[in-house]
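In what follows, a single structure is set out as structure tokens and then discussed.
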Amino acid sequence: METHAPKLKLWTPKYIKIHGSVLIWRYPINTQDSRFDPSWRDDVIEQEAIDIPLVFPEDTPPTGEIWVESRPRLKERLFNDDVELEKPRRVTSIVKRSYMLNYYKIADNQGNFIPLDDPIYNFIFQPKTWMNDSMSERYMMFAAAKKARGKVLVGGLGLAIYPQFVFYLQRPIQSITILEKNATVINLVRDTWINSLSDEQRQQVNIIEGSIEDYLQETDESFDTIYMDTWEDADPRFVPHLNYLVQLALPKCTGQIQCWGYAMAVQSFVDYAVSYVKQAFPLEDYYLDPGLERFSQWLQKAQKDGTPSEESIKTVAREIALTTVKSQEAYDRHRCFTPFAVSYSDIQRNMVMSRKKPVTAEN
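The numbers in the sequence shown follow my numbering, run straight up by one, and end at 735.
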């Protein structure tokens with residue numbers, strides 16, 4: 373992954389064309405006045421982000437849907453590189469059960485389904501780190517926190533890393549309103565963090581249980597800074613939903629909007645698009661997210677006149693990534709194909725789940 377992305381032309385709605393059920397932005401405007409810069413990078417390494425002391429909840433038993441665990445690490449994945457550490461660094465994570473439990477159940481020898489709270493599920497379907505205190509997370513949150521000012525709206529509480537950085541940096545904020553959809557996350561994180569604040573800081577914090585999507589559509593308030601981080605990773609399947617969030621946030625923002633990992637996800641979409649063409653990957657055989665579906669349709673038409681150039685592929689893929697808008701409530705991300713994965717088994721699992729036809733000896 374590039375450390376710095378090339379400057380992008382922002383496509384924003386002079387008018388919005390309805391294409392099926394997907395909103396597509398059209399016509400460029402002056403990016404100098406934009407409240408959202410899609411080329412802004414948060415994958416910036418600043419050592420201060422690692423050195424700042426943060427508070428996190430204690431470990432909890434691995435029961436229920438989510439839990440807290442912390443482990444010492446001598447190696448970390450820092451963006452696209454593996455980093456060896458001189459001494460162990462303890463990383464705290466909020467872990468959740470695998471989404472595969474939504475699709476599969478385990479039966480015993482008699483054919484009886486085993487209850488979902490049985491520990492065997494976590495053994496067969498490995499739990500996933502949902503939020504953590506990794507070096508990458510700290511760097512990315514730190515980059516965003518440095519921009520906070522005025523009335524701040526945050527989508528996603530997580531481990532409260534972003535607001536902790538905001539207060540540590542003594543950013544000029546009036547208030548910080550945090551939307552967190554998961555009540556268990558609030559219960560795990562809130563008290564430990566809030567108790568570490570001064571009385572003045574506590575008065576500035578408002579944690580609301582609910583989704584950022586609903587809040588943006590219902591509130592009459594406006595905010596100087598809107599920071600959103602309610603998705604798990606920089607998987608490009610999220611990009612249509614991130615654009616949807618930005619569209620919801622724009623009417624409520626008087627300053628700037630930042631989305632965690634946005635530029636990284638867009639760049640991944642572009643890089644993957646180039647690879648699909650080079651490898652003649654059969655996208656039409658798989659269920660695709662709205663952005664990749666648009667790219668697949670464009671590619672099928674373009675290839676009638678020969679293979680498009682790499683420059684053309686990158687240009688079109690970037691425009692599609694920046695202009696496809698759809699809520700993730702309208703498509704099943706887990707059923708959509710992606711090469712984005714943390715392990716080989718993840719890749720194989722996704723290939724099977726996203727394929728339109730079961731794999732047989734004939735195909």
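Ideal Cβ positions, reconstructed from N, Cα and C, are used throughout, including at glycine.
Given the structure is predicted, the values throughout are model-derived calculations rather than measurements.
Alpha helix (DSSP H) containing Lys459: first to last residue? Premise fails: Lys459 lies in the beta strand (DSSP E), 453 to 468, not in any alpha helix (DSSP H).
Could you tell me whether the region 589 to 604 touches the region 505 to 523, using the rule of 3 or more Cβ pairs below 8 Å? yes
Can you give the Cα-Cα distance for Ile558 and Gly436, rounded to whole angstroms? 15 Å
Using the Cα positions of Ser465 and Glu441, report the straight-line distance between them to the nearest angstrom. 5 Å
Buried or exposed by the 16-neighbour rule on C-beta atoms within 10 Å, applied to Ala694: Here the sequence assigns Leu to residue 694, which means Ala is not the residue at that position. Leu694 is buried by the Cβ-count criterion.
When you compare the region 447 to 459 with the region 490 to 502, are there three or more beta-carbon pairs, one atom per stretch, that lie closer than 8 Å? no
Using the beta-carbon count (16 or more within 10 Å), is Ser681 buried or exposed? exposed
Which residue's Cα is closest to the Cα of Ala689: Ala555, Asp718, Ala479, Ala674? Ala674
Find the nearest neighbour of Phe709 within the set Glu701, Ala702, Asn722, Tyr703, judged by alpha-carbon distance. For Phe709, the nearest C-alpha among the options comes from Asn722.
In angstroms with no decimal places, state the Cα-to-Cα distance between Asp489 and Lys468. Each residue's alpha carbon lies about 13 Å from the other.
Where does Lys500 sit, in a helix, a strand or coil, going by DSSP? strand
Just mark Ser508 as buried or exposed, buried being the case when its beta carbon has 16 or more other beta carbons within 10 Å. buried
With distances taken between CB atoms, is the gap from Ala621 to Leu588 smaller than 8 Å? yes
Threshold first: 3 residues or longer. Then list the beta strand (DSSP E) segments lying entirely within the region 541 to 617, N to C. 545 to 552, 577 to 581, 595 to 600
How many angstroms separate the CA atom of Glu552 from the CA atom of Leu529? 5 Å
Rounded straight-line distance, which links the Cα of Glu572 to that of Glu712: For the sequence presented, residue 712 should be read as Phe rather than Glu. If I take the Cα positions, the gap works out to 43 Å.
Span separating the alpha-carbon of Phe428 from that of Ser506: Rounded to the nearest angstrom, the gap between the Cα atoms of Phe428 and Ser506 is 13 Å.
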